[in-house]
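A short write-up of the structure that comes next.
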Amino acid sequence: MMIEALIGFTFVAALLVLLAPDEWAGRLAFAFSLLPFAGALYLWSGFDGAGNALTGGDIAYATQIEWLEVGGRTVSWFVGVDGISLPLVVLTTFLVPLAIVSAWTPIDARQSQFYGLMLFMEANLLGVFTALDFFLWFVFWEAVLVPMYFLIGVWGGPRRKYAAIKFFVYTNAASLLMFIGFMSLTFALGDTQSFALPEITQAIASGGLETWFGISPDRIAMIAFVAMFAGFAVKVPIVPVHTWLPDAHVEAPTPVSVLLAGVLLKMGTYALLRFNFTMLPDQASALAVPIAAIAVISVIYGAMLALAQKDLKRIVAYSSVSSMGYVILGLVVFTEYGVGGATFQMVAHGLISGLMFMAVGVIYNATHTRMVGDMSGMADRMPVAVGILVAGAFGYMGLPLMAGFAGEFFIFVGSFSAPALPYAPLFTALAMFGIVIVAGYLLSAMQSTLFGPFELETDYEVGPAPFHDVAPLAVLLVAIIVLGVAPDIFFEMIRDAALPVVEGVTING
Amino acid sequence: MIDVFSYVPAIVLLPFFSFLVALGVGKHLPKGGAFGGIAATAGSFLLSLWVLATVAGGEAANRTLYTWADAGGIGPTDIELSFGILIDPLSALMLVIVTLVALLVHVFSLGYMNDEGETGLPRYYAGLGLFSASMLGFVVADNLLMAFMFFELVGLCSYLLIGFHFREPGPPSAAKKAFLVTRFGDYFFLIGVVAVLATFGTAQFAGEGSFPALAEAALNGSGSVAWTPGGVELQTWLTVVGLLVLGGVVGKSAQFPLHTWLPDAMEGPTPVSALIHAATMVAAGVYLVARMYGFYALSPTALAIIAFIGGFTALFAATMGLVKDELKQVLAYSTISQYGYMMLALGAGGYVAAVFHLTTHAFFKALLFLGAGAVIIAMHHNEDMWDMGGLKSKMPVTYYTFLAGSLALAGIFPFAGFWSKDEILYEALVHGLNDPLLLGGYLMGLLAVPVTAFYTFRMVFLTFHGEPRSATARDPEPVRWNVKGPLTVLGVLAVVTGFINMVPVQKVLGVEGIDLLHLWLDNHWGGIDGLSSHHYADIGPYSSGYLVGGEVGTVLVGAAVSLGLALGGLLVAWRLYNVPSPTEHTAKLGGIKDVLYNNYYLDELQVWLAYRTEDVAGGANTFDQGIIDGVVNGVSSVSLFGGSRVRRLQSGVVSQYATLLTLGLVALLLALGVSGGWFL
Amino acid sequence: MVNTLPQVAALLPVFLLAFTGLALLLVDTISPDARSNTSMAVVGALGSLAALAASVWLVVSGTGSADTGGAITLFAEAIKVDTMALFFTAIFASVTALVVVAAHDYFHDHASPAAFYSLVVFAATGMALLAAANSLAVVFVALEMVSLPSYVLVAYLKQDRGSVEAGMKYFLVGALSSAIFLFGISLVYAATGSLLFAGVAEGIGSLAGLAGVAGLGIVMIVGGVAYKTASVPFHFWAPEAYEGAPAPVSAFLSSASKAAGFVVAFRLFTEAFPVGASLTAGIDWVLAFGVLAAVTMTLGNFAAAVQEEVKRMLAYSSIGHAGYVLIGVAALSQSGSANDAVMGAAMAHLLVYGFMNTGAFLFVAMAERWGVGRTFEDYAGLSRRAPVASVAMAVFMFSLAGLPPFAGFFSKYFLFMGAIDNGFLWLAAFGAVNSVISLYYYSRVVKALFIDDPASSSSLDAIDVRPTGLYAAVVFAAVATVLLLPGFGPVIETAEAAASALF
Amino acid sequence: MTAVAASIPPQWYLLLATAVFCIGLFGVLTRNDALYFLMSVELMMNAANINFVAFALYYGDLTGQVFALFVIALAAAEVAIGIGIILVLYRNFGVTDVTVPTEMRW
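Read top to bottom, the protein sequences are chains A, B, C and D. The opening position of the first sequence corresponds to residue 2 in this note's numbering, with each subsequent residue numbered one higher. The opening position of the second sequence corresponds to residue 230 in this note's numbering, with each subsequent residue numbered one higher. The opening position of the third sequence corresponds to residue 776 in this note's numbering, with each subsequent residue numbered one higher. The opening position of the fourth sequence corresponds to residue 150 in this note's numbering, with each subsequent residue numbered one higher.
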């Protein structure tokens, strides 16, 4: 019942914060958000899962309660964690308190609503990462969008309304596509009478797919795979369905960007791993080349776009597209290092992009501009914040002994000689070139904004950032370095859960 | 007996702690944390000496200390990614060099930074500490991945230190360039690392299961590799991998065409330049090749390419050094050129020669940079040699040590540089006689000798001789012990280091046992199997050929030629510049002059490339905003337009509703009727 | 316990509603002045709640369900009480209760509110009867019992040109449709010689060359149903009627009356015109409904997406939802394994819809009560002054759009699921695309309420009163909409049981 | 009498009813005046009645006949309400032309 307690408490906390007066809503929300983190650490400390939850491994903290039955199929409250979902749970509960603290400075209106929605979103995110029943999962998956819609729409920048609706409609359209794909899959599984993901996965693995309204099993699987991939691709996002992301990021307030990049994008990759690559590995390996091509395009194209941006947030946003490309590559190669590295990269990128957005936000708080051209020599005025920003940027460039390098390197090692992917070395080498471009645009942006003589058009004095702005940055940086020096903290359990996925695939040719 | 090797991590960690201390509480410490750094590097230096002694005592270490990650790869076993230490004669020697230079640079910094009242000293010493730590970690690395990681950290530190004066426009740009250009090289290095792991399932340097050993076994058929890309033959693939790793070397060791960052890097504080050029960053590249020489030796093609790049860079950089006006610029190009020599040596199978030159160069180049630093202090940070002159009498210590360094650099007997450079050329010659590409490298290296001597002494004469050409030169600022001390130490070393490896003497006079470095690297006192020079010679492709008079004759001829050329260059410089008031003679070069001034327009080329890339990015952005996002927004506007059409149906006139309603019903009737065949 | 009571007790909810209506008339005659508003509202509310309680109790006690001896038929089989009938009676009763409570505030200053309540309750009675009809005759009579009061209700504001125009259009289209419906019945009678569903089904099974007549009749009946459910092409009255009518009436019509139309459809096209028999007779009404469903939801959503007035947007959206629910009939198939699933989902959706849509219209009623205006712009920033109501409205909007964690999500997705399960992927796809569009315009309301800033500082001053009844109704509807998600299990299972009893 | 009625083949009744229905429909579609509209609708309903009565005879059961009576009553009620609505329509718009009130559209 730990997971239920975790989610339930977060919901309650959200409610209480909603009702709290604005003055101390922020502090209260922070205090509350620490408990889920503690809870997640407790889950971690007592983690006894083994293998992959979907392929019949031992699920930790599993509870399955029948909820309702429809069309002869049971929908149940079924939650639990394995080596893939637990790190993401920890990541979520870890990022939210920091994001809340980073909101203290910028959020100055309707605080209680803001923090309440943040916690509400956290609760749903936890649900997404722990749910093991499709319907339950889908409820949380969709429910994440609502608070996000408000967070962008109410507290966002000038074009917030456009960004919010775009995000909302775009991602919902995607989920519907995915929904239809998954449903046709379940109905082709004639004798599986539940929506429990493990059951469905194992049924498919044991050839449970039947001809359905004259469509052959293979074709159904392929249709479902494509539909789900397309649906999740929007969430990740992958080129060419990425255009909602920069708008959303640019308009969203800093703490929301942190969660958007840090956790929400991971929902997409997590779902891809769970559904497409774990349930339908053979379709995945049949489509390996096009998927890898998309991944590489995302990496290079996203990086090129970032290179062309002048808005610091846009830069980081596009580089997220680029980083997610690595994850896709890692998933499609079906090697232990590849899949495990992809999962690890989710966590690593969550921390690093969170740090970047936070740091940019701290500068924005002081300068009220994010345009590269508008400022220079910020290092002179806010040395600590800038110092951490620089460190974070190098983390983003994949500096060894920081989390980002571990994730990317695992993926590269896994993918370079992957038998599941034709021309693997070529794809890998191409994707790797991203590390050069990323260095290019981050260094240029830093040079012109952080260094050189201090210049900024303001009528007030720009001083060092307040402590509660810098503290979260420092915490994140430490976490990134720790994870980079000792990736096994997560990687051990991740690869334990990733192995069955890898073994699930039959390599053709 | 206590195990010294368990203290090796301390060698790396001590400077790291000094980094933490300086970063954390540096502003509350005297001298901004300088003493912490000095203490740390001193400690590392002593430990390194101890390690050196132990290795001399016949011990060596190749241990895995910490598993970073471990998961299933391709092939039978997991790929384990780990950290460890590999202590053999080579790394032990390198440890001593690095720690010594780092220590001296720390001491010198007291004079150069503190006494000059620089701000941000904690940041500076933190940088130095991290820099030393990274380099030491790189030196002791027992596998390619660990090496790569610290290689990257070295790059980071160079970025931080070159950009130390971040409030000025120049340094940040130079720092960016340094990191980017080396990053470009490291891109290939990274592919190389991944390729090695994929191919052999391990990245260990030494031992039975190490990748050089596996490659060797696979080539002579007594073993096999885990994976090779489809359709690529093993020998070719190994060459490709070697060249990929070489990419990183070319970047860090500033070889053509990735050398352009190094002259700009002079924007950093002079002690940092000394550290970068003598012992850390630039040395890292060459050291890496030496470290995995057992792998390169298996691929003649790779060796030939290394040799040619080296030789070409040696000459190419030297020519650019001819016309520079700033003191440090000249030294910068001399560095590029000297590392070119080392690459030539490695490519030519002169493993020992390369390490030898690495050693001597570390000392005399550190000396030259620190000397230059002293001059710069004296000149109130004016680096233009045309404003100097006549400093000889004002600052004798600096002058004589600097002179020793210059003689070494120019390769004048019996200074350190002579021995090492002579051996390189000798190796290139004897091996090159059977290998045209190598011979080309040799000839370029030989041509570079007089050029080097010329620009070196042009520098010396312009700086120290003749009449003072500016007010500051007439009354330079004095320097203190903390500057003179390091200079003296290095000056001595620049003179004597050559004697650790007097191969020519041995060959000519037949005195055994004076080629200490050869014996040292040949595991004469012990080491690790498979990492010895003769093993490299065995697996290497080269056979020696001799000119008239067999070996001895070749030795003498070679030495004589190179020494003669060096002296020639020196004399020309003497004639032109050792006069009371020297003038520019670059006009004599005519058109070439501009080319040399502008470094063969290579920077322009790279800038041009950067701009083109930005254009492409801009195009991609337009495409993204216009086409891809346009489609997205198009969908919504189209549906809204459709909606505004649909609503027009609702005309508000009820009788029209009746009509439409009836028509709809009739349509339905007809459709179903026809399909159902009611009217038949 | 059914055995202990006379069979006719199964009609308890209907009787309760009828008596309530009469009681209201009585109260009105006793105290005919405007002050009777409150007392009328109380009586009406109590009566409808009693009916609700009764129907729920009957459902729980398993009256008319398969496991307690099957449906209860009364009056020479003209009436048939089964789970579905009671299920829908519950929907009608709850909507009525909400509307009555809300109306108390809406008509607080109306000259003669009394008649309103009795009309609403009588209409509800008709609906309840409709749900239990087992003969075409009863269907028609009950249908008129629903329609006639509705015409009056729409035109209830006699001084308001909008209300009158709406009433006129509603009435004329309604009259025409019922005529068509009636003629359809007569043709079916002509072809089959019976008005009882069972008899009709029999006749359909053995049509001797009269397939054409029966077909014409059935299609005309489809037309009648389409009118009641506001589906294309009989939907034209809906936007005007809903826009012009007093908001509580719009709520009543768009929720209860629509549901009434569907209960007829469900019964007719399972018991009177079974799929198999009709298809063999060459009467492919499944296709007809499929086309209607697709066209209806598309038209409704596209038109709703471009409205300026919230009320009219809701009107079109309710057309769109009619399209969704039509899937419940359109996705039936002869050999389909999920017939009961899809129809049950449709019923469940109607129940949920009864709450969320009524709530939405009642929020509009509140806005009209405040007099803040009708367009999206007028709603800007309402959340600043009326947070509770605005949150409730947001709940309704997201639920209508089919977003979790609200009930509309489940009902809608079970609907699509059932369609997919029965092989009607294309219908589900239509529904999905439309849901995306609907998301756009529903979120426009939320955007106006929460995100947009008020047009002017004074524009919110209109919100000076806190109409208790309206608030109560809206909040109750919102709570129900939320609680129906966790509590969806019994609902969907009852609905499926009810549906499966029809096949 | 009954024999006569019964001797007429049912198709004719169908045709008659359909004809009356179409006439009514025609009226609905062509007349703009609310009252004419109403009358035409009545006509359509009576067409249905013809069917009921005729086929009640044809099948020999009374259901249709009885139902016809129901329908007549309902039609009357409908007319009553219709007239009422047309009355308020006239009060507000001053016309009985149904094409005039078009304040609500699109």
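Using N, Cα and C, we set each Cβ at its ideal position, and we do this for glycine too.
A contact between stretches requires three or more CB pairs, one per stretch, nearer than 8 Å, and the region 1239-1252 of chain C meets this requirement with the region 872-887 of chain C. Per DSSP, Gly81 of chain A is not a residue of any alpha helix (DSSP H); the beta strand (DSSP E) it occupies stretches across 74-82. If you look at Lys933 of chain C, you'll find it isn't in any alpha helix (DSSP H); DSSP assigns it neither H nor E. Between Gly602 of chain B and Thr499 of chain B, the C-beta spacing is below 7 Å. Judged by their CB atoms, Phe1184 of chain C and Phe1263 of chain C are not nearer to each other than the 7 Å cut-off.
The residue among C:Thr967, C:Asp1236, C:Pro1162 with its C-alpha nearest the C-alpha of Phe1225 of chain C is C:Pro1162.
The beta carbon of Ala435 of chain B sits closer than 6 Å to those of Asn291, Leu315, Ile757, Leu760, all from its chain and outside the five residues before and after it, given in chain order. DSSP, reduced to helix, strand and coil, places Glu456 of chain A within a strand of the structure shown. Its Cα nearest to that of Phe593 of chain B, the residue B:Tyr629 stands out among B:Pro625, B:Tyr629, B:Met617, B:Val737. With respect to chain B, the C-beta atom of Thr244 of chain A has a partner C-beta closer than 7 Å. Within the region 1047-1134 of chain C, the alpha helix (DSSP H) runs of at least 4 residues that lie entirely inside it are, in chain order, 1050-1055, 1060-1080, 1085-1105. What Val1211 of chain C touches in chain A, judged by beta-carbon distance under 7 Å, is Val170, Asn173, Ala174, Leu177, going in chain order.
The shortest CA-to-CA distance from Leu668 of chain B to any of B:Met510, B:Gly578, B:Gly272, B:Glu345 is the one to B:Gly578. Cβ-Cβ separation between Ala41 of chain A and Val90 of chain A: approximately 5 Å, consistent with a contact (criterion under 8 Å).
Within the DSSP bridge table, the entry for Tyr295 of chain B names B:Phe312 as partners. Of all C-beta pairs linking the region 328-347 of chain B to the region 451-459 of chain B, fewer than three are shorter than 8 Å, placing the two stretches out of contact. DSSP places Glu70 of chain A in the uninterrupted beta strand (DSSP E) bounded by 61-71. In this structure, DSSP gives Ala419 of chain A a state outside helix and strand, which the three-state scheme calls coil. Between Phe1189 of chain C and Phe1181 of chain C, the CB-CB gap reaches or exceeds 7 Å. Arg876, Arg877, Gln879, Ser880, Gly881, Val882, Val883, Ser884, Ala887: these are the residues of the region 872-887 of chain B whose beta carbon lies less than 7 Å from some beta carbon of chain D, given in chain order. From the beta-carbon of Val789 of chain C, no residue of chain D is found nearer than 9 Å; the closest lies around 18 Å away.
Following the DSSP letters along the chain, one finds Ile505 of chain B in no beta strand (DSSP E), marked with neither H nor E. At least one CB atom of chain A sits nearer than 7 Å to the CB of Gly847 of chain B. For the region 177-199 of chain D, residues whose beta-carbon sits nearer than 7 Å to a beta-carbon of chain B comprise Val177, Leu178, Asn181. Here DSSP, grouped into helix, strand and coil, assigns Gly980 of chain C to helix. Residue state for Trp105 of chain A is assigned as coil, using DSSP reduced to three classes.
Beta bridge pairing from DSSP links Met403 of chain A with no other residue. Bridge pairing for Gln433 of chain B: B:Asn372 [DSSP].
Inclusion of Leu187 of chain D and Glu919 of chain C in the CB contact set at 7 Å is not warranted, their separation being larger than that value.
Around Leu409 of chain B, the beta-carbon contacts reaching into chain A at under 7 Å are Ala440, Gly441, Leu444. For the C-beta of Glu211 of chain A, not a single chain C residue is nearer than 7 Å; the gap to the nearest is close to 13 Å. Counting the other Cβ atoms within 10 Å of the Cβ of Ser323 of chain A gives 16 or more, which makes it buried. Within the region 1008-1022 of chain C, those residues whose Cβ lies closer than 8 Å to any Cβ of chain B are, in chain order, Pro1008, Phe1009, Phe1011, Trp1012, Pro1014, Glu1015. Between the beta-carbon of Leu178 of chain D and that of Ala887 of chain B there is about 6 Å, and that keeps the pair under the 8 Å contact cut. Residue contact check for Asp1196 of chain C against chain A: a CB pair falls below 7 Å.
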